[in-house]
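Take the sequence shown: its letters are residues 1 to 690, numbered as in UniProt numbering.
Beta carbons are placed, not taken as given, at the ideal position from N, Cα and C, and that holds for glycine.
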Amino acid sequence: MSQSKSASIMDARILIPAIGGAFRKLDPRSLARNPVMFVVAVVSALTTVLFLKDLATGASNLGFSFQIILWLWFTVLFANFAEAVAEGRGKAQADSLRRSRTETQAKLLAGDSRSDFKLVPGTGLKVGDIVLVEAGDIIPSDGEIIEGIASVNEAAITGESAPVIRESGGDRSAVTGGTQVLSDWIRVRITAAAGSTFLDRMIALVEGAERQKTPNEIALNILLAAMTLIFVMAVATIPSFAAYAGGAIPVIVLVALFVTLIPTTIGALLSAIGIAGMDRLVRFNVLAMSGRAVEAAGDIDTLLLDKTGTITLGNRQATEFRPVSGVSEHELADAAQLASLADETPEGRSIVVLAKEKYGIRARDMASLNATFVPFTAQSRMSGIDSDGASIRKGAVDAVLKYVDQISSKTGNARARNEAVRDIQSISDEIAKKGGTPLAVVRDGRLLGVIHLKDIVKGGIRERFAELRRMGIRTVMITGDNPMTAAAIAAEAGVDDFLAQATPEDKLRLIRDEQAKGKLVAMCGDGTNDAPALAQSDVGVAMNTGTVAAREAGNMIDLDSDPTKLIEIVEIGKQLLMTRGSLTTFSIANDVAKYFAILPAMFVTLYPHLGALNIMGLSTPESAILSAIIFNALIIIALIPLALKGVAYRAIGAGPLLRRNLLIYGLGGLIVPFAGIKLIDMAITALHLV
């Protein structure tokens, strides 16, 4: 699944099956999905019937008609071949996934004891079953860890052999069937029925079996179908003009004119371009659940990114304890550690470690405390502990101060409390100006001090945001930090805007506000609290390591769980749109050259002065018509690599992009056919084919 393992379009294992696929796609039910090529197939079949009739009656000039009909069928087959090659790359990746899928025996737990299990086939597991997975075991199906922590080899999914940590109680609790536990043990609740696991869905998607046309693709198909209908009517009127001039034009020539008039090039490659866009994402280890998501990524106006782990390196570490007046560092560290014991986040664990290493506060008898842990939540933005001796909270400064206000009636000495609040705010401002994150600590309503969490902005991220700005994309950093800290990080990273002290409701509101302005929004997330925003956004990228709720809510899944990949996803989406636009421009432009080849050849006997339009100096009317038809077919094959690879991406605006397309693909679409048709005409004449 890594980029290095992506199949080349020149691989015989893809090309040879694609030849057979091109013939299988002659099925009218398959052709009907592509209006332009369906019409070409219909006229090819009709002219074939007429040819067989002429053959039976001994009509003249059958060799010319046969060559035209042959190349008409080649045009249809080449279009089918382009789609089959694109699908073949996905099927090659799907085959590698199938090989990685292993039938496993699952340890289905019948009680709370780890030894109380029975072996059952992994395919027989139902949603809600609890299984035990120990070191060396294959995880039998998709699920969520409800107990334990383990290192897991996810090479079957990501192609990356380095193990990753999966654990209960956090945003890295989801596990995927087919991956292997390398150490320790975990208790997993099954969340997917047999046949609908993540790996099953992944195989179906990369094969293209579930690919649906995107809105833009449907709109372009409708436009191409309308243009085809117009040209049907235009060509149908030609015989009457010819009859008025006292002549007649053979049906085979009218068919040749019609096929060269309609936009067969883009019609033939449109499906392959869409499939290749999803394939490029897969090669970046991103699974798009729909083609619409890939397309929407190319039209994104606003990009929402979490600060921690995306803009910064993540895993903020506690670096110091800053007590208020009258409180010792040891007292603050002791309270902070107690308040963090239930905090499963990396920050919470770093506080426990700092208190232990710097102040020697080690193991304590929790049973004697009769403690109740208060876990960290995105809504409260605090964690803590309630025991017989104390009630301690630790969290965002504003959340802790609000908590203190709520319980102020139960505590005395308002003057001391006000002084402590001023100290807390002063220390917090100092930390925030440095780009750090302050967390306040309170015991029984008494403010003790601030914990300094430090994080580092990733190298090169500022340049990447500048590139997005050139593309016309507005970047918004989302963080739970206070506004001052958020502003310092935002300025250093170079984002356009930020949302501080963000709750899940705030994220959802921001996305809806942007969409109400007619903008498309992308965001990434990995936690259950991100699920509403992921579902609301136009492009929701869920981390594969995240919770099941997040993976179900997003329309893309990043198998590497790298939030910064949002930027690559946008680039791939834009490359898809650029490729489609560039080849559409080329297709329409190269029709102009074909007109100069075929129109003078059709009417030169009726209107001799039209010979002046034969600016290419084509040998005979028959060679001109045949050359145009051959070029029309061969250009499809020539453009397949470009359709699958995509045009070279550049971070430029819509205006410069349009000018670039017109210059390269518009002008190229005019020049290439003139040269190509002339060379084919010379070859036809030399071989005496007409």
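Collapsed DSSP secondary structure at residue i in the structure displayed
{"i": "D386", "result": "strand"}
{"i": "R381", "result": "coil"}
{"i": "H688", "result": "coil"}
{"i": "L341", "result": "coil"}
{"i": "G668", "result": "helix"}
{"i": "P375", "result": "coil"}
{"i": "M484", "result": "helix"}
{"i": "F241", "result": "helix"}
{"i": "S44", "result": "helix"}
{"i": "R316", "result": "coil"}
{"i": "D129", "result": "coil"}
{"i": "G360", "result": "coil"}
{"i": "I139", "result": "coil"}
{"i": "T475", "result": "strand"}
{"i": "T191", "result": "coil"}
{"i": "K454", "result": "strand"}
{"i": "F38", "result": "helix"}
{"i": "Q501", "result": "coil"}
{"i": "D496", "result": "coil"}
{"i": "residue 701", "result": "Lying before the first or after the last residue shown, residue 701 is absent from the chain, which here runs from 1 to 690."}
{"i": "E154", "result": "coil"}
{"i": "V120", "result": "strand"}
{"i": "M543", "result": "strand"}
{"i": "residue 706", "result": "No answer is possible for residue 706: the residues shown for the chain start at 1 and end at 690."}
{"i": "S113", "result": "coil"}
{"i": "M616", "result": "coil"}
{"i": "M289", "result": "coil"}
Proximity below 8 Å, CB of residue i to CB of residue j
{"i": "I385", "j": "V374", "result": "yes"}
{"i": "N80", "j": "L15", "result": "no"}
{"i": "D142", "j": "T104", "result": "no"}
{"i": "V133", "j": "L108", "result": "no"}
{"i": "V36", "j": "G277", "result": "no"}
{"i": "I311", "j": "K434", "result": "no"}
{"i": "C524", "j": "L254", "result": "no"}
{"i": "T48", "j": "I252", "result": "no"}
{"i": "I427", "j": "P438", "result": "yes"}
{"i": "G124", "j": "R189", "result": "no"}
{"i": "V450", "j": "A440", "result": "yes"}
{"i": "P263", "j": "S587", "result": "yes"}
Cut-off 6 Å between Cβ atoms - residues of its own chain near residue i, not counting five sequence neighbours on either side
{"i": "V39", "result": "T228"}
{"i": "E347", "result": "R316, L453"}
{"i": "G518", "result": "none"}
{"i": "N216", "result": "E295"}
{"i": "V647", "result": "M578, T579, S582"}
{"i": "R29", "result": "none"}
{"i": "D343", "result": "F376, S383"}
Status (buried if at least 16 other CB within 10 Å, exposed otherwise) for residue i
{"i": "S328", "result": "exposed"}
{"i": "L639", "result": "buried"}
{"i": "S60", "result": "exposed"}
{"i": "M233", "result": "exposed"}
{"i": "R470", "result": "exposed"}
{"i": "S537", "result": "buried"}
{"i": "S173", "result": "buried"}
{"i": "T176", "result": "buried"}
{"i": "A22", "result": "buried"}
{"i": "K307", "result": "buried"}
{"i": "Q379", "result": "exposed"}
{"i": "T372", "result": "exposed"}
Sequence-distant residues of the same chain with beta carbon closer than 8 Å to residue i, five excluded per side
{"i": "G611", "result": "P600, V604"}
{"i": "V259", "result": "V40, V43, L72, T75, I629, N632"}
{"i": "D137", "result": "T104, K107, Q180, V181"}
Neighbourhood of residue i by C-beta distance below 7 Å, restricted to the same chain and skipping five residues each side
{"i": "P673", "result": "N590, A593, K594, F631"}
{"i": "L257", "result": "V235, I598, M602"}
{"i": "E568", "result": "F284"}
{"i": "S340", "result": "G348, I351, V352, S383, K394"}
{"i": "A432", "result": "P438, N482, M484, T485, A488"}
Closer than 7 Å: residue i CB and nearest the ligand FMN heavy atom
{"i": "R322", "result": "Questions concerning the ligand FMN fall outside what the structure shown contains, since it holds no ligand whatsoever."}
If you pair each beta-carbon of the stretch 340 to 355 with each one of the stretch 474 to 490, do three or more pairs fall below 8 Å?
-> no
Give a yes or no on contact between the stretch 166 to 178 and the stretch 215 to 223, applying the rule of three or more CB pairs nearer than 8 Å.
-> no
The stretch 317 to 335 touching the stretch 500 to 512, judged by at least three CB pairs closer than 8 Å | no
Segment contact flag, the stretch 235 to 246 with the stretch 42 to 54, C-beta cutoff 8 Å, min 3 pairs | no
At a cut of 8 Å, does the stretch 282 to 292 reach the stretch 553 to 571 through at least three beta carbon pairs?
-> yes
Inter-stretch contact at 8 Å, needing at least 3 Cβ pairs: the stretch 567 to 579 / the stretch 622 to 637 = no
Taking contact to mean at least 3 C-beta pairs separated by less than 8 Å, is the stretch 263 to 273 in contact with the stretch 613 to 622?
-> no
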